[in-house]
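Student:
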Amino acid sequence: MSTRKITYQHTIEYEVINTSGLFHPQNWALLSVGKIEDARRFVVVDANVDKHHGAAIRAYFDFHNMDARIVTFPGGEENKTLDQYLALAHELDLFPIHRRDEPIIAIGGGVLTDLVGFVAASHRRGVPYIKAPTTLMGYVDASIGIKTGFNFNGNKNRLGAFHAPQTVLLDKTLLRTLPRRHILNGVCEIIKLAVVCDAELFDMLELHGARCVVSHFQNGESDAILDRAISGMINELEPNLFEVELARKVDFGHTFSYGLETRHETNLLHGEAVLLDILLSTLIAHGRGLLTDHETERIFRLTSELGFALNASILDPSLLWSSLTERTYHRNGLQRVPMPRGIGGCVFINDIHEAEIESAVKILEDWMTKEYEIL
Ligand SMILES: NC(=O)c1ccc[n+]([C@@H]2O[C@H](COP(=O)([O-])OP(=O)(O)OC[C@H]3O[C@@H](n4cnc5c(N)ncnc54)[C@H](O)[C@@H]3O)[C@@H](O)[C@H]2O)c1
């Protein structure tokens, strides 16, 4: 018997680009990769984005004489499904694109970019694609990394692949039309990053966060917060794009949230579930002496000042425990739960027990029913 070892290294490179006026004909960002002459583009646009920008998007491709097939897609977690994946795969098959130089263009929130990313990952075993996030969740989180996929068999993101985009195009003016609840939804991911990675970002949220929410991140201070959140995210993802290391700071808030958002898919947004998890984890960290009283109060005060409407009735300790168990499988047998150590610091713990969750739930329920009185 002989053995032949096969080794192949592949470099991942893509750019995250800030732009504005994305659909203005003179803005070349959407066409900055791929061929231009005699070319085609398969473009998937979130249906709500299409209402506001559909005419401009169509005019953009007409102006550039681009043969574009524009497909609208209904956002929302309930559409992150196998059926929607198959529908898009069929549409794409009816509009043959070159395998290398006619990237698919995904314009929408995290649901759309995750799903279209998987269409791109699986079509002919991988074709290029571009992401243009239109929600804050997409802007600061979902569009930045290389994870694609959809929900399957009652499990979030159960089928998917790592597939890097060619480019990510960030135009924050697209957030103007986003409903306030979805602005807050994205803010949860910024809070996550601030609490475990970046004390200065946390200070900035305390000072300017509420005004950023009111202005839909169009005010002067919002640029610094968005830039810091995105570069913090890139710093965390870049050395571990394929999640070889399973202890990830960016998984803060993503342990108990998994069960919550699976059970309450229709009325709980991803960020809202993440925020509940952040608060529970904060209380567990406080119980373990990882956060002082003052640091714990700051996290809770920020939550109330930003104006979240949270629902205490869904905090079922047995669901939270089974969510932790499920995540332990995902993290290859260890809990690896990221926990804040001081604001801006992080440790991973592997020995959370049920009683700790129960006691954190009681405190959190109490806080919510007393209308966010300072702890
Ligand atoms: N791939 C990753 O690394 C990653 C990271 C974080 C979150 N996610 C995924 O992201 C998803 C959530 O993303 P989301 O919160 O963007 O949800 P979403 O894509 O469903 O968008 C939310 C809502 O906003 C609407 N919308 C989008 N852009 C709009 C705009 N500019 N104006 C008005 N309405 C607009 C959509 O139609 C939808 O109703 C989850 O499925 C989550 O798993 C993925």
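Residues 979 to 1353 (the working numbering) are what the sequence shown spells out, left to right. The beta carbon of each residue, even a glycine, is placed where N, CA and C say it ideally should be. Computed from a prediction, not measured in an experiment: that's the story for all the values here.
#1: Sort Pro1143, Asp1149, Asp1061, Glu1336 by Cα distance to Ser1259 and report the nearest one.
#2: Compare the C-alpha of Val1174 against each of Ala1188, Arg1136, Asp1201, Ala1207 and name the closest.
#3: Is it the case that the Cβ atoms of Asp1061 and Lys1013 are separated by a distance below 8 Å?
#4: How long is the line joining the alpha carbons of Phe1140 and Phe1220, rounded to whole angstroms?
#5: State the start and end residues of the unbroken beta strand (DSSP E) segment that holds Lys1150.
#6: Would Arg1102 be called buried (16 or more neighbouring beta carbons within 10 Å of its own) or exposed?
#7: Kindly give me the distance between the Cβ atoms of Gly1237 and Ser1282, rounded to whole angstroms, as I take these residues to be in contact under 8 Å.
#8: How close, in whole Å, do the beta carbons of Val1011 and Ile1085 come, if the pair is a contact with beta carbons under 8 Å?
#9: Helix, strand or coil, according to DSSP, for Asn1057 in the structure here?
#10: Would you mind reading off the limits of the beta strand (DSSP E) that contains Lys983?
#11: Taking only three categories from DSSP, how would you classify Leu1269?
#12: Could you check which residue in Gly1322, Val1252, Pro1111 has the C-alpha nearest to that of Lys1150?
#13: Would you kindly work out how many angstroms separate the C-alpha atoms of Ala1329 and Thr1091, rounded to a whole number?
#14: Indicate whether the contact test is met: 3 or more Cβ pairs, each with one atom in the region 1314-1327 and one in the region 1172-1189, closer than 8 Å.
#15: Glu1056 to Arg1276, Cα distance in whole Å?
#16: Less than 6 Å between C-beta atoms, sequence neighbours within five positions excluded: which residues of the same chain meet that for Met1211?
#17: Could you tell me whether the Cβ atoms of Val1097 and Leu1114 are closer together than 8 Å?
#18: Mind checking who Cys1324 pairs with in its DSSP beta bridge?
#19: For the alpha helix (DSSP H) containing Asn1354, list its first residue and its last residue.
#20: Secondary structure at Phe949, three-state DSSP: helix, strand or coil?
#21: Rounding to the nearest angstrom, what Cα-Cα distance links His1264 and Ala1251 in this structure?
#22: For Ser1291, count neighbouring C-beta atoms within 10 Å of its own C-beta (all shown protein chains included) and say buried if the count is 16 or more, exposed if not.
#23: Please find out if some non-hydrogen atom of ligand 1 comes closer than 7 Å to the beta-carbon of Gly1231.
#24: CB-CB under 7 Å to Lys1227, same chain, minus the five flanking residues each way: which ones, in chain order?
#25: Would you call Phe1180 buried or exposed, if buried means 16 or more other Cβ atoms sit within 10 Å of its Cβ?
#26: Would you give the residue range spanned by the beta strand (DSSP E) that Glu1216 belongs to?
#27: DSSP on Val1011, reduced to helix/strand/coil?
#28: Would you say the beta carbon of Asp1149 comes nearer than 7 Å to a heavy atom of ligand 1?
#29: Any idea what DSSP makes of Val1022, helix, strand or coil?
#30: Using the Cβ count rule (16 or more neighbours within 10 Å means buried), how would you classify His1194?
#31: Tell me which same chain residues have a C-beta within less than 7 Å of the C-beta of Asp1024, skipping the five on either side of it?
#32: Whole angstroms is fine: what's the gap from His1308's alpha carbon to Leu1093's?
#33: Quick check on Lys1227: does DSSP put it in helix, strand or coil?
#34: Any heavy atom of ligand 1 closer than 7 Å to the CB of Thr1145?
#35: Can you determine whether any heavy atom of ligand 3 sits closer than 7 Å to the C-beta of Leu1247, and answer yes or no?
#36: Please name the residue or residues paired with Lys1109 in a DSSP beta bridge.
Tutor: On the basis of the data shown:
#1: By 1-based counting over the sequence shown, the position of residue 1259 is 281. With distances taken between Cα atoms, Ser1259 lies closest to Glu1336.
#2: By 1-based counting over the sequence shown, the position of residue 1174 is 196. The shortest Cα separation from Val1174 among Ala1188, Arg1136, Asp1201, Ala1207 belongs to Ala1207.
#3: Taking the sequence shown and counting its residues from 1, one reaches residue 1061 at position 83. Taking the sequence shown and counting its residues from 1, one reaches residue 1013 at position 35. No, these two residues do not count as a Cβ contact at 8 Å.
#4: The residue you call residue 1140 lines up with position 162 of the sequence shown. The residue you call residue 1220 lines up with position 242 of the sequence shown. The alpha-carbon atoms of Phe1140 and Phe1220 are separated by roughly 7 Å.
#5: In the sequence shown, counting from the first residue as 1, residue 1150 sits at position 172. Counting along the chain, Lys1150 falls outside any beta strand (DSSP E), and DSSP gives it neither H nor E.
#6: Position 124 of the sequence shown holds residue 1102. Counting Cβ neighbours within 10 Å, Arg1102 comes out exposed, since fewer than 16 surround it.
#7: The residue given as residue 1237 occupies position 259 in the sequence shown. The residue given as residue 1282 occupies position 304 in the sequence shown. Actually they do not touch by this definition, with Cβ atoms about 24 Å apart.
#8: Numbered from 1 along the sequence shown, position 33 holds the residue referred to as residue 1011. Numbered from 1 along the sequence shown, position 107 holds the residue referred to as residue 1085. No, Val1011 and Ile1085 are not in contact; Cβ-Cβ is about 15 Å, not under 8 Å.
#9: Within the sequence shown, the letter at position 79 stands for residue 1057. Note: Asn1057 maps to helix in three-state DSSP.
#10: As a first step, residue 983 must be located in the sequence shown, where it is residue number 5. No beta strand (DSSP E) contains Lys983, which DSSP labels as neither H nor E.
#11: Here residue 1269 refers to the residue found at position 291 of the sequence shown. In the structure shown, Leu1269 sits in coil (DSSP, three-state: anything other than H, G, I, E or B).
#12: Here residue 1150 corresponds to residue number 172 of the sequence shown, with the count starting at 1. Of Gly1322, Val1252, Pro1111, the residue nearest in Cα terms is Pro1111.
#13: Reading the sequence shown from its first residue, position 351 is the one you call residue 1329. Reading the sequence shown from its first residue, position 113 is the one you call residue 1091. In the sequence on display, residue 1329 carries Asp and not Ala. So the alpha carbons of these two residues sit roughly 35 Å apart.
#14: yes
#15: Residue mapping note: residue 1056 aligns to position 78 of the sequence shown, counting from 1. Residue mapping note: residue 1276 aligns to position 298 of the sequence shown, counting from 1. If I take the Cα positions, the gap works out to 34 Å.
#16: Here residue 1211 refers to the residue found at position 233 when the sequence shown is read from its first residue. For Met1211, where only same-chain residues beyond five positions count, the Cβ hits under 6 Å are Ile1122.
#17: Counted from its first residue, the sequence shown places residue 1097 at position 119. Counted from its first residue, the sequence shown places residue 1114 at position 136. Result no, Cβ atoms of Val1097 and Leu1114 do not sit closer than 8 Å.
#18: Start at 1 with the first residue of the sequence shown, and residue 1324 comes out as number 346. Cys1324 is bridged to Pro1318.
#19: Residue 1354 falls outside the range modelled here, since the chain spans only 979 to 1353, and no answer is possible.
#20: Past the edges of the chain, shown from 979 to 1353, lies residue 949, and the structure says nothing about it.
#21: By one-based count along the sequence shown, residue 1264 stands at place 286. By one-based count along the sequence shown, residue 1251 stands at place 273. Their backbone Cα atoms lie some 20 Å apart in a straight line.
#22: Residue numbering aside, residue 1291 sits at position 313 when the sequence shown is read from its first letter. Classification for Ser1291: exposed.
#23: Translated into the one-based positions of the sequence shown, residue 1231 becomes position 253. No, ligand 1 has no heavy atom inside 7 Å of this Cβ.
#24: As a working mapping, residue 1227 is identified with position 249 in the sequence shown. The residues are Val1174, Cys1175, Glu1214, Pro1316, Cys1324.
#25: By 1-based counting over the sequence shown, the position of residue 1180 is 202. Buried is the label assigned to Phe1180, since at least 16 other Cβ atoms lie within 10 Å of its Cβ.
#26: Numbered from its first residue, the sequence shown carries residue 1216 at position 238. First-last for Glu1216: undefined, no H or E at that position.
#27: Indexing the sequence shown from 1 puts residue 1011 at position 33. It is coil, neither helix nor strand.
#28: If you number the sequence shown from 1, residue 1149 lands on position 171. Checking the Cβ of Asp1149 against ligand 1 gives no.
#29: Within the sequence shown, the letter at position 44 stands for residue 1022. Val1022: strand per DSSP, three-state reduction.
#30: Within the sequence shown, the letter at position 216 stands for residue 1194. By the neighbour-count rule (16 or more Cβ atoms within 10 Å), His1194 is buried.
#31: For the purposes of this step, residue 1024 is taken as the residue at position 46 of the sequence shown. Answer for Asp1024: Phe1051, Gly1053, Ile1085, Gly1086, Gly1087, Leu1090, Thr1112, listed in chain order.
#32: Start at 1 with the first residue of the sequence shown, and residue 1308 comes out as number 330. Start at 1 with the first residue of the sequence shown, and residue 1093 comes out as number 115. Cα to Cα, the separation comes out at about 20 Å.
#33: Stepping through the sequence shown from its first residue, residue 1227 is reached at position 249. Lys1227 falls in the helix class under three-state DSSP.
#34: Counting from 1 along the sequence shown, the entry for residue 1145 is found at position 167. Checking every heavy atom of ligand 1 against the Cβ of Thr1145, none is found closer than 7 Å.
#35: As for ligand 3, it is missing from this structure, which binds only ligand 1.
#36: Walking along the sequence shown from the start, residue 1109 turns up at place 131. Per DSSP, Ala1084, Val1146.
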